[in-house]
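K.L.:
In UniProt numbering, the protein residues as written are 1 to 514.
Ideal placement from N, C-alpha and C gives every residue a C-beta, glycine not left out.
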Amino acid sequence: MIIQRENEIKAFKPQEYWTIDSEFQKGRSKFMASFYGTHGKKQALDDNDAVQKILGQLDRQGDFNVVKVVKKERKRFPAPPFTTSTMQQDANRKLNFRTRKTMMAAQQLYEGINVGGKEGSVGLITYMRTDSTRISSIAKHEASQFLHKEYGAEYAATKPVKGKLPEGAQDAHEAIRPSSVFRTPASIKDYLTKDQFRLYQLIWSRFVASQMTPEVLDTMAVTIDQNDVQFRANGSKTKFAGFTKIYDKTEKNNVLPDLNEGDVVKLSKTDPQQHFTQPPARYSEANLIKALEENGVGRPSTYAPTLDTIQRRYYVKLEARRFVPTELGEIVNDIIQEYFPDVVNVGFTASLEEQLDATEEGKENWVKVVDSFYKPFSKEVATAEESMEKIQIKDELAGFNCDICGAPMVVKMGRYGKFFACSRFPDCRNTKPIVKEIGVVCPQCKQGQVIERKSKKNRIFYGCSRFPDCDFVSWDKPVGRDCPKDGHYLVEKKVKGGKQVLCPNGDYKENVQK
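#1: If you draw a straight line from the alpha carbon of Ala382 to that of Arg299, how long is it in whole angstroms?
#2: In angstroms, rounded to a whole number, what distance separates the CA positions of Lys68 and Thr359?
#3: Take Thr84 as the anchor and find which of His39, Tyr151 and Ala175 has the nearest alpha-carbon.
#4: Quick check on Val343: does DSSP put it in helix, strand or coil?
#5: Closest by CA to Thr193, which one among Val346, Val115, Leu256 and Gln500?
#6: By the 10 Å Cβ neighbour count, where 16 or more other Cβ atoms means buried, how is Ser378 classified, buried or exposed?
#7: Ser205 by DSSP, collapsed to three states: which one?
#8: Roughly how far, in whole angstroms, is the beta-carbon of Pro135 from the beta-carbon of Pro81, given that I think they are within contact range, below 8 Å?
#9: Could you round the C-beta distance between Phe35 and Pro257 to whole angstroms and report it? I think they count as a contact, below 8 Å.
#10: With 16 as the cutoff for other CB atoms within 10 Å, does Lys42 come out buried or exposed?
#11: Shortest alpha-carbon distance to Phe64 belongs to which of Arg129, Ala320, Leu502 and Asn260?
#12: Which term fits Met388, buried or exposed, when burial requires 16 or more other beta carbons within 10 angstroms of its beta carbon?
#13: Counting along the chain, where does the beta strand (DSSP E) carrying Asn234 start and finish?
#14: Am I right that Glu452 and Lys436 are in contact with their C-beta atoms under 8 Å? What's the rounded C-beta distance?
#15: Counting along the chain, where does the beta strand (DSSP E) carrying Arg74 start and finish?
#16: What does the alpha-carbon distance come out to for the pair Asp427 and Asn401?
#17: Using a 10 Å radius around the Cβ and a threshold of 16 neighbouring Cβ atoms, would you call Cys405 buried or exposed?
#18: Expressed to the nearest angstrom, what Euclidean distance is found between the alpha-carbon atoms of Pro272 and Thr158?
#19: Might you give, ordered along the chain, the residues of its own chain that have their beta carbon closer than 7 Å to the beta carbon of Gln89, omitting 5 neighbours on each side?
#20: Between the region 99 to 111 and the region 143 to 156, can you find at least three pairs of beta-carbon atoms closer than 8 Å?
#21: Just the Cα atoms here: how many angstroms apart are Met104 and Phe461?
#22: I'd like to know if the region 465 to 481 and the region 490 to 504 are in contact, where contact means that at least 3 CB-CB pairs between them fall below 8 Å.
#23: Taking Cβ positions, are Gly414 and Glu353 nearer each other than 8 Å?
#24: Among all the DSSP beta bridges, which residues are the ones paired with Met220?
#25: For Trp204, is the classification buried or exposed, using 16 other Cβ atoms within 10 angstroms of its Cβ as the cut-off for buried?
Put into structure tokens, the structure is as follows:
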């Protein structure tokens, strides 16, 4: 799946398109609206010529009319309690936890933590390997009591949200929830490690929110017209907080001024922007787990080991928290696709999972299930053993000689990626890491080059090529220029909306570059 996604990215051809975001004003209130179309029909803007044609139809100093206002009340319901999959996804997105780290912390919370007092050591959550969102009646009653006491009856749902059971789900254990909702995260924080507390807070909040009433929003959709050119704006504001009273709100309200049909507004400014369609994003741990679950591949107990194995064998690597296939991974995938096309098919894996579930339920005979798989598989193995050639990754000359024996150095592929090694191996075991220069002279010693390195946790940092003679190190990428205010070297940081060059001392910043 990861390699298939990478191939889709490589084959992707971006398409140009434009948008026109515009600022309008009613009295002292300003609000944003976007170009929708002409003559009541939605219109795409393929290039700058199309944009200029639209702008040419507008009288910037003239009146714009509010021709349609639709006001509605909308309810936003909470998500159901966590399954293993959704817990791993949320922990990855919100806490930046790797799947393995999430399951380790969850295991500790399940097995028991000493919370002092009369309780002593107690399990804080239910079993963490489950594909069900089902909640016991006792837990529902306790949550209702808690909400009535702490927030009032209007926040306690009479019919809490029920999650849809995925096809093939076993439903052997109820959803992941706190063993007692009255053990609030704040009340046991002192007994937990930082990771345990953050995960427990996530589980507790998700469960309590699932037993609460929905958020109620007042929404408004506005159409603005001049010369048959339409702009649209959508706004909302919270009427009743509901479950968002305790659960982090992901959607931000865009509040519009009070507008009615027939109102006249003025155009303050237009902001045409060029865009290009983007290829599908590489998988993060969160959306890979989601994709596996949607395709019926794996079980709650296998997601974490699967992700761990493909990284440990260096079939894939993480770059900017996204999976990228390695050369080794692509070679292995090509071989398996050639000799075992049916076995590595996602549909086959999901089908086999279904047969195993049916066997567990007594609907299938296990001997027949194993026999139907093993007989064709054993033939494919025999064919592969006869015809498969031993794959050798040819050594690539490095372009310099070994500083120990003088033989040419070559590029080798290891389990952790490529490295330089002596061509006389094993007689000479000299090796060197492959470093990536960024084209910047070391700001400390002024002699070496700044190179990209990776920490033990696979985090990128920057150091001097003359290490250990020069101990320069930086988490942020130096740009090769000095701060105009204090002379310190400038660095590039990733910020919301792009990248920004700034001084680490905080007294100089440049504009954010997308």
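P.N.:
So, from the listed chains and residues:
#1: 30 Å
#2: Straight-line Cα distance between these residues: approximately 59 Å.
#3: The shortest C-alpha separation from Thr84 is found at Ala175.
#4: coil
#5: The shortest Cα separation from Thr193 among Val346, Val115, Leu256 and Gln500 belongs to Val115.
#6: When all chains shown are included, Ser378 counts as exposed.
#7: helix
#8: Looking at the sequence shown, residue 135 is not Pro but Ile. With 8 Å as the limit, Ile135 and Pro81 qualify as a contact, their Cβ atoms being about 6 Å apart.
#9: Rounded, the Cβ-Cβ distance is 20 Å, inconsistent with contact.
#10: Result: exposed.
#11: Nearest option by C-alpha distance: Asn260.
#12: exposed
#13: If you look at Asn234, you'll find it in the beta strand (DSSP E) that goes Val229 to Phe240.
#14: 4 Å
#15: If you look at Arg74, you'll find it in the beta strand (DSSP E) that goes Phe64 to Arg76.
#16: Distance between the alpha carbons of Asp427 and Asn401: 15 Å.
#17: exposed
#18: 48 Å
#19: Ala286, Ile289 and Lys290
#20: no
#21: 27 Å
#22: yes
#23: no
#24: Lys71 and Gly235
#25: buried
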